[in-house]
Amino acid sequence: MMDILVFLSTYSYRIISLGTFLIGLVCGILGSFLYTRRQSLLSDVIGHASTLGVMAAFLISSIVFGVDGRSLIVLVVGSVIAALLAVLLSDWIARSTPLGDDATMAVMLALFYGGGLVLLRVIIHGKYPGKGGISSALLGSATSLTIADVITIAILSLLCLLIVTMFRKEFTSFCFDRQFSHVLGFSSSVLTPLLLSSMVVAVVLGVKAVGLILMVAFTIVPPATARQWTNRFGSMVVLSGLIGGLSSVLGTWLSVSLGNVPTGPVIVLILTGFLLLSLLVSPQRSVVVQRIKRSRKRRELRKAILSHVRNAR
Numbered sequence: 005m006m007d008i009l010v011f012l013s014t015y016s017y018r019i020i021s022l023g024t025f026l027i028g029l030v031c032g033i034l035g036s037f038l039y040t041r042r043q044s045l046l047s048d049v050i051g052h053a054s055t056l057g058v059m060a061a062f063l064i065s066s067i068v069f070g071v072d073g074r075s076l077i078v079l080v081v082g083s084v085i086a087a088l089l090a091v092l093l094s095d096w097i098a099r100s101t102p103l104g105d106d107a108t109m110a111v112m113l114a115l116f117y118g119g120g121l122v123l124l125r126v127i128i129h130g131k132y133p134g135k136g137g138i139s140s141a142l143l144g145s146a147t148s149l150t151i152a153d154v155i156t157i158a159i160l161s162l163l164c165l166l167i168v169t170m171f172r173k174e175f176t177s178f179c180f181d182r183q184f185s186h187v188l189g190f191s192s193s194v195l196t197p198l199l200l201s202s203m204v205v206a207v208v209l210g211v212k213a214v215g216l217i218l219m220v221a222f223t224i225v226p227p228a229t230a231r232q233w234t235n236r237f238g239s240m241v242v243l244s245g246l247i248g249g250l251s252s253v254l255g256t257w258l259s260v261s262l263g264n265v266p267t268g269p270v271i272v273l274i275l276t277g278f279l280l281l282s283l284l285v286s287p288q289r290s291v292v293v294q295r296i297k298r299s300r301k302r303r304e305l306r307k308a309i310l311s312h313v314r315n316a317r
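And the structure:
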């Protein structure tokens with residue numbers, strides 16, 4: 005297995021690691037807001053719906069414009085359009101019909117993902133240049149990233165981080181208490197599309213490096229892990245981003261070291277390992293600490309009851 009210091013000292017691998025780090029960082033930060041709003045599953049809708057956008061963008065760019073359909077900017081544009089359409093439709097249907105949020109998201113996920121798989125079959129059985137690598141969008145491969153891809157990831161990541169920085173207070177109040185946010189004068193008709201658009205861009209950045217199917221883990225697991233270590237939202241956002249970014253770098257290193265292994269699944273396993281470790285050893289919210297506290301309270305309650313019974317006699 006390649007030493008991680010050698011891995012990071014190699015220029016090409018260092019560039020790839022930068023790309024995956026930015027993906028994990030931005031998804032971890034923006035995922036904290038969805039986690040707080042209890043809409044983490046929305047990232048799953050984004051990832052699956054983006055499949056339709058990726059395949060449609062590949063076909064349109066190859067047939068109509070005659071350009072490389074595997075270019076990251078082409079795939080990101082298609083993914084953003086499809087994912088935004090799915091998210092906004094899901095939000096509108098949930099508000100306008102008796103269907104709940106979960107049922108609406110499940111319908112949108114199945115509809116857009118099914119359409120994407122149909123287009124994937126069309127691409128596989130058609131004569132399109134570069135079609136051999138398009139299926140990797142489902143699981144991802146960090147080694148397929150080019151310098152142009154990493155530059156695109158960096159620019160869009162900085163844009164997402166700039167939006168979060170500028171609207172930090174508005175997003176925070178909106179996620180914790182929507183009514184209070186309205187009292188302060190923050191419009192949900194503006195904040196909802198802005199937050200969801202940023203989330204969509206963050207998720208689809210991982211289309212080539214991580215794959216669309218597993219991007220849901222990048223927006224759910226880091227904030228869930230960070231929540232075990234802090235009770236402050238600001239600290240949770242920063243820690244979530246760091247967990248996502250560092251896990252992505254470790255996953256990329258392992259994926260390259262092990263050979264022909266998709267990057268996405270390896271990173272997800274590392275993220276899950278951090279979550280399980282946090283559930284066990286975090287000082288305030290770990291499973292072990294909670295069991296110890298409950299056992300202590302039972303003993304204290306038992307002593308109080310026995311003492312009361314003795315005094316009554």
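Okay, so the sequence shown: first residue is 5 according to my numbering, each after it adds one. Don't be surprised by glycine CBs; every beta carbon is placed ideally from N, CA and C. Bear in mind the structure is a predicted one, so any value in this text is a computation, not a measurement.
Ranked by Cα distance from G238, the first of L200, V78, I33 is I33. With respect to the 7 Å criterion, I274 and A146 are not classified as neighbours on the basis of their beta carbons. Residue environment for I128: exposed (fewer than 16 other C-beta atoms within 10 angstroms of its C-beta). Apart from the 5 residues on each side of it in sequence, I167 sits with its Cβ closer than 8 Å to the Cβ of L198, S202 in its chain, given in chain order.
The residue among I85, A87, A86, V111 with its C-alpha nearest the C-alpha of I97 is V111.
The DSSP assignment places 76 to 100 as complete runs of the alpha helix (DSSP H) inside the stretch 75 to 111, in order along the chain (cut-off: 4 residues).
Secondary structure at Q288: coil, using DSSP grouped into helix, strand and coil.
Taking C-beta separations shorter than 6 Å and ignoring five residues to either side along the sequence, the partners of F11 in its chain run Y17, W257, following chain order. Between V207 and G51, the beta carbon gap of about 6 Å places them in contact (Cβ cut-off 8 Å). When DSSP states are grouped into helix, strand and coil, I217 belongs to the coil group. Per the C-alpha coordinates, the member of F278, E174, S100 positioned closest to P227 is F278. In chain order, S44, L46, S47, M203, T223 place their CB closer than 7 Å to the CB of L38, counting only its own chain and leaving out the 5 sequence neighbours on each side. With at least 16 other beta carbons inside 10 angstroms of its own, L218 counts as buried. Here P287 is exposed: its Cβ has fewer than 16 other Cβ atoms, across all protein chains shown, within 10 Å. With fewer than 16 other beta carbons inside 10 angstroms of its own, Q294 counts as exposed.
For G263, the three-state secondary structure derived from DSSP is coil. The continuous alpha helix (DSSP H) containing D48 extends over residues 46 to 64.
For V211, there is no enclosing alpha helix (DSSP H), as DSSP marks it with neither H nor E. Relative to A90, the option among L165, A53, G245 whose CA is nearest is A53. Spanning the alpha carbons of T234 and A158 requires a straight line of approximately 28 Å. For the 7 Å CB-CB criterion, T156 and L76 form a contact. Taking 8 Å as the upper bound for CB-CB distance, A230 and I247 are in contact here, some 6 Å apart. For M170, the number of other beta carbons within 10 angstroms of its own is below 16, and it is reported as exposed. The straight-line gap separating the alpha-carbon atoms of V285 and F25 is approximately 25 Å. Classified as exposed, F69 has fewer than 16 neighbouring CB atoms from the shown chains inside 10 Å of its CB. L79 is not a Cβ neighbour of V194, given a cutoff of 7 Å.
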